[in-house]
Structures are given as structure tokens and as C-alpha cells.
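A short worksheet on the structure shown next.
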Amino acid sequence: MVSQKKESPTNEIDLKMKQTTYIILTIVTLIFIVVFTLQNTSEVRISLLFWDIKTSLALLIFSLFALGVLTAIFILTLIIIALKSTLRKDEKIISALQEPNDLNPDRKVETE
Numbered sequence: 001m002v003s004q005k006k007e008s009p010t011n012e013i014d015l016k017m018k019q020t021t022y023i024i025l026t027i028v029t030l031i032f033i034v035v036f037t038l039q040n041t042s043e044v045r046i047s048l049l050f051w052d053i054k055t056s057l058a059l060l061i062f063s064l065f066a067l068g069v070l071t072a073i074f075i076l077t078l079i080i081i082a083l084k085s086t087l088r089k090d091e092k093i094i095s096a097l098q099e100p101n102d103l104n105p106d107r108k109v110e111t112e
């Protein structure tokens, strides 16, 4: 049989508090977005090289925000990949240094 881990009442209360907080923050954020959109309905003209676009100010701001978020995700993904690569190389070096070799056949390094 698989034993099921019973959660203590404190953990259940913490989980419910987190869920309630998440729901409240989501509702407040959605209200903020609706109010922001309703207050910024004026049209703006965007000219870039050969493009000439008319769009609402709210749509422009949200689009630029989304573009910034996507750019940050892309850059952070590249940084994470580089750090993982460095970590793998360092782990290989550490394991090679811990193995016995011809110069010191009794070498055994204890790790914590």
C-alpha cells in the first residue's frame, strides 16, 4: 500500500490563504486592466518607416508591455542555458578531480 501523507490543519489553512490571496490579486488586477482600458480609449497614430497605424492607447501600452515581457523571458532563457552549461562543465571537472589517478591512486575526496 502507498501511504498517504496527511497534511496538518496549519498547512491546509496556509494553502487556502494562498489560494484566496491569489484570487483576490487576480480580481484586483483584472479590475485595474478594465479601468485602465476604459480611461485610455483615445486613438494614437504610430509611424515607423513605411508603416502608419492607428490604434488605441491602451492596446499600444499593453502590446509594448507584452513585448518587454517576452524579451525578458528570451534573455533570461539564454542566461539560464549558459549557466547550466557552465554548471555541467564544473561538475565534470569536480568528478574528474575526485577520481583516483596515476599520481595519487589512493585519492578519495570526501564531499559534504
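Residues 1 to 112 in UniProt numbering are what the sequence shown spells out, letter by letter.
Cβ coordinates follow ideal geometry from the N, Cα and C atoms, glycine included.
It should be emphasised that the depicted structure is a prediction, and the values quoted were computed from it without experimental measurement.
Between which residues of its own chain and residue i is the CB-CB distance below 8 Å, once the five residues before and five after are set aside?
{"i": "Lys-54", "result": "Glu-43, Val-44, Arg-45 and Ile-46"}
Would residue i and residue j qualify as a contact pair, given that the criterion is a beta-carbon distance under 8 Å?
{"i": "Ala-58", "j": "Phe-36", "result": "yes"}
{"i": "Ser-63", "j": "Thr-41", "result": "no"}
Identify whether residue i lies in helix, strand or coil by the three-state DSSP scheme.
{"i": "Leu-25", "result": "helix"}
{"i": "Leu-38", "result": "helix"}
{"i": "Leu-49", "result": "coil"}
{"i": "Glu-91", "result": "helix"}
Run through the DSSP bridge pairs and tell me what residue i is partnered with.
{"i": "Val-44", "result": "Thr-55"}
Tell me which residues share the same chain as residue i and place their Cβ nearer than 6 Å to its Cβ, disregarding the 5 neighbours each side in the sequence.
{"i": "Val-28", "result": "none"}
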